[in-house]
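To start, the structure itself, in structure tokens.
Protein chains: 2
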Amino acid sequence: MNKYNVLGHSIPRLDSPAKARGTAMYTGDLEFPGMLCGKILTSWMPHARILHVDTAEARRVPGVKAVITGRDTLGRGCGPMRAREKSLDFIPLAKDKVRFTGDVIAAVAARDEDAADEALGRIKFEWEEIQPLFTPEEAMKPGAPLIHEQMPGNISRKIVLTYGDVAEGFRRSHRIREDTFTTSSVSHVPLEPHICIAAFESPGSYTLWTGTQVPYLVKSDLALLLGVAESQVRVILPFVGGGFGSKSDGAFSLDLCAALLARETGHPVKIVYSREDEFITTRRRHPMKIHLKTGVNRQGDIIARQAGVLMDGGAYSGWGQASVYLAGLFLCLPYRYGAYHYEGVRAFTNNPVSSAMRGHTAPQVQFASDVQLDMLAEDIGMDPLEIRMRNALENGEVTIAGFKVPTCGLKECLKAVADKSDWYARRANLPGGKGIGMGCAGFPSGHGARLRPDIPAYATAIIRVNEDGGLHLLCGAADTGQGSDTILVQIAAEELGVAFEDIRYVRADTDITPADLGSYSSRETVFAGNAVKNAAGQVKEKLLSFIAAQWQVDRDGMQIQGGQISCLEADKSMSFKQAARLYQEAHHFTPLVAEGSYDPPDKVYYANYSFGVQVAEVEVNQDTGQVKVVKVVSSHDCGQMVNPMSVEGQLEGSVHMGIGFALSENMVLHQGQVLNPSLADYAILLPADMPAVECVHGGAGDPEGPFGAKESGEGTVGPTAPAIVNALYQATKKRFRDLPVTPAQVLKGGEKK
Amino acid sequence: MNKYNVLGHSIPRLDSPAKARGTAMYTGDLEFPGMLCGKILTSWMPHARILHVDTAEARRVPGVKAVITGRDTLGRGCGPMRAREKSLDFIPLAKDKVRFTGDVIAAVAARDEDAADEALGRIKFEWEEIQPLFTPEEAMKPGAPLIHEQMPGNISRKIVLTYGDVAEGFRRSHRIREDTFTTSSVSHVPLEPHICIAAFESPGSYTLWTGTQVPYLVKSDLALLLGVAESQVRVILPFVGGGFGSKSDGAFSLDLCAALLARETGHPVKIVYSREDEFITTRRRHPMKIHLKTGVNRQGDIIARQAGVLMDGGAYSGWGQASVYLAGLFLCLPYRYGAYHYEGVRAFTNNPVSSAMRGHTAPQVQFASDVQLDMLAEDIGMDPLEIRMRNALENGEVTIAGFKVPTCGLKECLKAVADKSDWYARRANLPGGKGIGMGCAGFPSGHGARLRPDIPAYATAIIRVNEDGGLHLLCGAADTGQGSDTILVQIAAEELGVAFEDIRYVRADTDITPADLGSYSSRETVFAGNAVKNAAGQVKEKLLSFIAAQWQVDRDGMQIQGGQISCLEADKSMSFKQAARLYQEAHHFTPLVAEGSYDPPDKVYYANYSFGVQVAEVEVNQDTGQVKVVKVVSSHDCGQMVNPMSVEGQLEGSVHMGIGFALSENMVLHQGQVLNPSLADYAILLPADMPAVECVHGGAGDPEGPFGAKESGEGTVGPTAPAIVNALYQATKKRFRDLPVTPAQVLKGGEKK
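Sequences listed follow chains V and Z, in order. For the first sequence, position 749 matches number 750 in my numbering, and the numbering has no gaps at all. For the second sequence, position 34 matches number 35 in my numbering, and the numbering has no gaps at all.
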């Protein structure tokens with residue numbers, strides 16, 4: 002029974018009609034008078050010094066309005082982690098050096114694409130080659146050339162974490178395993194590539210329409226890169242066709258190039274990344290080599306774990322300085338450990354840049370952990386479900402790495418998923434070539450630490466009540482397709498006791514909506530949600546206090562529900578709309594506005610954590626090695642669901658991505674070149690290959706979430722790969738440790754047990 | 002010496018760079034994916050009943066997506082004066098009846114213009130003709146068919162005002178004159194015609210981008226016409242290429258048609274009025290027949306005036322029910338009267354709709370009054386300047402019709418203009434064929450009466466301070482080219498003690514900016530300006546109180562200037578930006594926001610009044626009758642100027658319009674058809690014909706205006722025509738009473754004296 006009127010209901014998303022009808026305006030749909038076509042040129046050298054650039058011939062191409070190179074920039078670097086100065090190493094328009102083949106080395110604005118392309122081909126570069134480094138191992142060899150001069154040993158960051166006495170743990174272990182796992186070079190593949198339009202207004206203001214997860218960070222980066230005040234940059238968020246982390250690094254090359262070209266020409270400039278640009282120059286999931294040594298006792302308790310992770314960071318930091326730390330922390334979700342030691346190293350290479358991607362290191366490390374857990378369970382003769390039940394975190398626990406977990410529904414999820422998947426019966430009775438497997442994951446909602454020294458990890462919202470009682474919610478949260486716009490309106494409507502339809506949502510525009518750091522780290526539901534709830538609570542408070550005074554009744558006896566304000570004791574009621582009018586009449590029609598913010602209480606880790614379990618059933622074609630995922634049962638504790646339909650969409654989407662991660666996705670690199678930068682060659686799952694996904698909701702409300710909500714859909718990308726790989730073991734009797742498990746791997750690879 | 006830092010400075014307008022560079026987005030520049038071309042069909046019958054419409058053939062035209070007629074509407078009427086139900090008679094898409102040839106009878110949305118045009122041509126109408134009425138006299142004849150059934154005698158409104166004993170006044174007069182004046186059918190001719198794009202979002206929200214002076218009224222009208230809540234309609238104001246009153250009537254036919262076509266097709270629909278549509282279907286200045294009987298004593302005091310005004314209202318009310326009242330009131334500006342009687346009648350005809358146009362009846366009646374005053378001066382042997390000095394209102398006076406005039410700089414303006422124009426010498430010494438003449442006017446700033454029963458005549462503003470100390474001003478005021486955006490930013494910057502560049506302005510968008518009734522009645526400077534000043538004052542108060550508490554000093558000793566907050570006594574200072582950050586840090590980074598409103602104290606008339614005088618020098622070609630205006634000296638009391646350069650632009654623009662009104666502009670009507678609906682045939686003044694305009698500022702600050710400001714540029718369209726006609730008398734010895742005074746009139750017309 003849902004105790005809420007708007008919350009917890011499967012309200013169709015605000016943006017659905019426009020998207021279904023094709024009228025939703027993405028950045029690519031925007032046209033401005035006099036707009037020029039911008040194009041970027043990427044490096045063909047993976048590692049080289051730029052000695053000389055000659056743009057004279059390019060400038061003479063008819064229709065070309067401007068040609069820019071790194072010499073037209075301040076040469077500054079940027080990165081999303083402003084608080085860590087050493088990570089601000091991404092040079093959006095390379096000046097002196099290129100570090101990978103996705104480095105942008107020039108850009109052109111022209112009347113049309115042909116002129117732009119021709120001009121790009123006529124820019125002449127003189128290079129001094131530097132020895133390229135394509136693996137972390139090569140890069141860390143003594144004497145290797147430095148990719149970033151200030152980073153000795155090409156080490157982007159090294160993290161060592163020690164909790165408890167690991168040696169003692171291993172001594173006490175009944176069974177210890179050591180395994181090495183590898184994960185591949187995975188691309189986010191948002192259906193909409195990066196696109197930006199920039200306009201310049203004299204004397205020095207820039208407006209950007211750009212598909213980003215972090216409008217606020219883009220504003221801040223552009224101000225830094227261009228050397229202007231932050232308020233001189235306006236970032237407007239059109240509809241965005243997916244991000245999954247690929248659009249969360251702040252400013253990308255196209256943002257800076259479009260801004261510079263707009264300044265140079267006085268015209269708006271649009272730059273659209275090709276699919277190839279999207280694969281090569283943006284970001285990818287960190288490929289990892291994960292070594293796990295894990296000891297369990299006879300009862301299956303994990304009493305010691307030692308983890309070593311080597312990450313190919315590619316050419317720049319991106320979110321990588323966080324990634325190498327997070328991998329260590331996320332490995333401890335969702336289980337209890339006796340002792341834990343982690344060593345993580347992120348190395349720079351001349352490969353594409355690794356950064357955050359849906360799950361931000363959790364899918365990689367939790368894949369390794371959950372596959373090894375199955376091996377350990379087998380070793381000690383335990384069912385995979387039992388060993389997970391035994392180690393699962395519970396409400397109020399603190400992970401060994403220090404995450405305070407206010408609520409954890411993992412056990413409920415495990416029970417639900419076992420029930421729905423008919424776990425024991427299927428495990429016992431599936432014929433050869435078929436298998437069923439399980440994976441678990443935990444994931445946090447919104448990082449509480451400061452990304453920038455001067456700004457907390459906050460979210461804010463403004464609610465305005467109109468004269469006719471209609472409401473507008475202004476929020477800087479970035480809905481890039483995940484549905485946050487809709488759930489923020491649901492939260493506001495629930496808190497205010499009005500209908501969903503009474504509230505109009507104003508999307509992120511840094512000149513209009515108040516600050517929100519954006520859509521990364523699964524923060525919008527909890528962070529922006531709390532800010533919205535807070536603003537709505539203040540509007541409610543203003544109105545109820547005012548009407549209580551009018552009625553001469555006690556404020557505490559008043560409520561709003563279904564658009565009606567009432568005081569039961571005094572048997573009085575009035576519509577929200579009437580009350581809003583009365584309030585404004587009594588205040589010279591000053592707009593009734595309230596502001597809300599959320600400044601998370603945990604400044605080190607996170608507000609709360611979601612948990613999920615998936616059971617995958619697979620069928621292997623023993624002749625071809627083809628794996629068909631027949632069905633996935635997914636159970637997820639995301640606290641109080643704000644919109645169940647939206648949660649299901651998230652779960653299904655994460656399964657799609659998880660299957661690709663497990664079975665097919667891999668950017669093939671050769672000498673720093675991506676060999677398959679196209680949707681024809683890079684194998685994301687096609688619709689026909691999607692299995693049936695059954696969703697079961699577990700878990701109750703969380704005290705820190707707005708109305709008890711937690712993140713949904715980022716953590717759930719994690720359980721899919723281990724569930725599939727564990728199922729493959731039943732189907733093939735082979736243990737797979739290297740992703741993706743392609744048909745060739747199924748036939749030839751793996752380890753017979 | 003300017004005591005202000007930002008106010009009173011000639012800061013270039015915010016919108017200048019974009020407009021100069023061609024990047025400013027007007028509605029016509031906007032393109033949306035899937036957007037359809039909308040076209041309207043206007044009636045060719047001036048007065049008829051629609052018996053039957055057949056759209057079947059039109060619908061079959063390839064590329065046509067929707068065809069609508071009045072049958073697709075709720076049949077409701079609208080009009081800007083919501084408080085006067087009888088004036089809500091404008092049916093934007095005619096259903097049963099047409100009342101003039103500008104009535105829109107159908108609209109089409111199609112893939113392109115050709116398909117739309119072809120479809121319009123294939124709609125079949127069956128009519129029942131009704132006797133058309135083309136003059137107020139015909140229309141008011143007993144037995145004439147009623148244009149609006151509920152309006153007997155085709156009288157739109159009749160107003161009788163009596164102040165003092167007019168009969169007694171005439172008895173005491175030394176000299177009495179009776180004269181009849183006529184004014185022509187003048188079009189606003191904004192360079193940008195009416196353009197609207199509408200988009201519909203299921204289940205029932207509409208977004209309009211429309212070039213209007215009154216976004217808020219358009220929203221309200223559309224909600225009424227479509228039968229939805231006001232918050233379901235969003236009106237966004239792109240840049241607007243002039244209005245001059247033509248875009249102040251609320252919703253026009255294109256707004257409703259675009260909205261209906263968008264709903265019908267699910268696609269955005271753009272409708273662009275042709276120049277012909279613009280002339281015929283929008284609005285025009287009321288043509289008037291003005292009879293004045295005026296008595297003066299030997300000293301030149303106006304001791305009695307009886308005025309009769311007959312106005313051709315055209316087919317609908319528009320602002321007309323106000324116009325007929327205002328003509329009576331404005332006639333009493335800018336002079337003192339002993340006694341006054343006014344009878345005004347506005348009649349419906351089957352001509353284009355008359356409504357508000359720059360000066361809203363003042364130019365017509367003040368033309369008559371100021372020309373007659375010259376005749377009276379001559380009759381009693383007085384100089385035109387002397388008789389004006391004698392009768393000019395002064396600070397604190399109340400006009401005979403009840404306008405309380407807090408400040409009136411008319412005498413200063415008269416002195417200044419006499420001085421600058423070398424009045425006495427030129428009057429005495431100009432050779433034949435040349436002449437110099439004078440005209441005066443007064444005009445109010447912003448009507449205080451309620452336009453709608455439920456909403457005061459208010460303006461509101463919101464100011465938000467960003468984390469980096471940058472400021473955003475959100476205001477619903479409609480800058481249609483007059484420069485209000487810029488002066489509102491100046492007002493905010495002055496009040497806050499920050500630089501003009503520190504504030505970014507967010508233009509009217511009813512989902513984002515708080516309510517403002519719009520740009521009519523010269524209200525933005527005083528109304529929106531006061532709301533902005535109020536909001537800025539509150540931001541200042543919040544910040545100063547907070548910092549005073551931090552410093553433990555008295556709030557009253559604190560100030561902000563040049564972006565610095567300081568307390569002189571304590572010798573402390575801090576930048577505004579730092580203070581803004583500190584404030585927000587201390588408040589969980591809740592956005593620092595303040596709201597302001599202005600609810601005018603005078604609920605019947607106006608907040609304050611501006612005054613102006615112009616002296617025109619003309620040269621007549623005695624062979625061709627061509628009149629060349631050689632020079633205009635204009636002096637204007639607009640209180641404290643917010644932006645002198647902008648005031649001058651307004652003054653020059655009003656002279657341009659005043660000359661056209663005096664000498665050339667006339668929509669020639671024949672049987673309800675406009676014979677010259679094109680810029681080739683309708684003679685607005687060409688740039689080469691513009692005289693030198695010299696501006697002199699007179700008058701001091703007004704207590705009710707923000708920093709003492711008053712309206713500028715609307716009232717100043719008034720003095721031009723009488724100044725020219727009075728100058729023509731000196732040049733030709735002919736008195737002209739009928740506008741425009743064309744070359745033919747100069748040669749043949751007028752009255753020899």
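For each residue, glycine too, the CB sits at the ideal point set by N, CA and C.
Check, Outcome
"Where the alpha helix (DSSP H) through Gln731 of chain V begins and ends", "Thr721 to Thr733"
"Under 7 Å by beta carbon: chain Z residues contacting Ile381 of chain V", "Ordered by position in chain Z, no residue passes the 7 Å Cβ test against Ile381 of chain V, which lies about 50 Å from the chain."
"Whether Phe171 of chain Z touches Ala305 of chain Z by CB criterion (9 Å)", "yes"
"Collapsed DSSP secondary structure at Met439 of chain Z in the structure displayed", "strand"
"Chain Z residues whose Cβ lies nearer than 8 Å to that of Phe33 of chain V", "Thr24, Met26 and Asp30"
"Distance CB(Leu262 of chain Z)-CB(Val109 of chain Z) smaller than 9 Å", "yes"
"Cut-off 6 Å between Cβ atoms - residues of its own chain near Arg405 of chain Z, not counting five sequence neighbours on either side", "For the record, residue 405 of chain Z in the displayed sequence is Lys; it is not Arg. Val399."
"Residue of V:Ala494, V:Phe101 and V:Met152 minimising C-alpha distance to Leu89 of chain V", "V:Met152"
"Exposure of Asp503 of chain Z, with buried meaning 16 or more beta-carbon neighbours within 10 Å", "buried"
"Partner residues on chain V for Ile463 of chain Z, Cβ-Cβ distance less than 7 Å", "Pro592 and Val594"
"9 Å Cβ cutoff, Asn467 of chain Z in contact with chain V", "yes"
"Distance, Met559 of chain Z Cα to Leu569 of chain Z Cα", "7 Å"
"Closest by C-alpha distance to Arg264 of chain Z, when choosing among V:Thr24, V:Thr717 and V:Val466", "V:Thr24"
"Bridge partners - Pro445 of chain Z, DSSP secondary structure assignment", "Z:Tyr610"
"Contact with chain V by Leu472 of chain Z, beta-carbon distance below 9 Å", "yes"
"Outcome for Glu715 of chain Z when other beta-carbon atoms lying within 10 angstroms are tallied against a minimum of 16", "buried"
"Segments assigned alpha helix (DSSP H), at least 4 residues, entirely inside the segment 168-242 of chain V", "216-227"
"Ser598 of chain V at chain Z interface by Cβ criterion, 9 Å", "yes"
"Which residues DSSP lists as bridging Asp313 of chain Z, in chain order", "Z:Ala348"
"Cys38 of chain V - containing alpha helix (DSSP H), residue span", "Run containing Cys38 of chain V: none in the alpha helix (DSSP H); it sits in the beta strand (DSSP E), Leu37 to Thr43."
"Assumed close pair Ser188 of chain V, Met668 of chain V - CB separation to whole angstroms, cut-off 8 Å", "6 Å"
"Members of the segment 200-234 of chain Z that neighbour chain V once the beta carbon cut-off is set at 7 Å", "Ala200, Glu202, Ser203, Ala230, Glu231 and Ser232"
"Own chain, CB closer than 7 Å to Ala120 of chain V, minus 5 neighbours either side, in chain order", "Ala59, Val62, Val65, Val68, Val109 and Ala111"
"Leu330 of chain V at chain Z interface by Cβ criterion, 9 Å", "no"
"Nearest-angstrom Cβ-Cβ length linking Gly178 of chain V and Gln373 of chain V, presumed shorter than 8 Å", "It is worth fixing the name first, because residue 178 of chain V is Arg in this sequence and not Gly. Indeed, because the Cβ distance is near 6 Å, the residues count as touching under 8 Å."
"DSSP bridge partner residues for Ala49 of chain Z (one or two, in chain order)", "Z:Val99 and Z:Glu130"
"Selected residue, minimal CA-CA separation from Val726 of chain Z, among Z:Glu695, Z:Gln627 and Z:Ala663", "Z:Ala663"
"Spatial distance of Gly626 of chain V from Gln746 of chain V (CA atoms)", "8 Å"
"Option nearest Pro432 of chain V by Cα separation, candidates V:Val621, V:Val633 and V:Ala107", "V:Val621"
"Exposure label - Leu327 of chain Z; buried when at least 16 CB within 10 Å", "buried"
"Identity of the residue in Z:Tyr599, Z:Leu680 and Z:Met439 nearest Pro515 of chain Z by Cα", "Z:Tyr599"
"Interface flag, Ile492 of chain Z vs chain V, CB-CB below 9 Å", "no"
"For Arg142 of chain Z, the first and last residue of its enclosing alpha helix (DSSP H)", "Checking the sequence shown, residue 142 of chain Z turns out to be Lys, not Arg. Here Lys142 of chain Z belongs to no alpha helix (DSSP H), and DSSP marks it neither H nor E."
"Contact list for the segment 511-525 of chain V against chain Z, Cβ threshold 8 Å", "Asp512, Ile513, Pro515 and Ala516"
"Listed by chain order, chain V residues near Val507 of chain Z by CB distance under 7 Å", "Asp512 and Ile513"
"Exposure label - Val325 of chain Z; buried when at least 16 CB within 10 Å", "buried"
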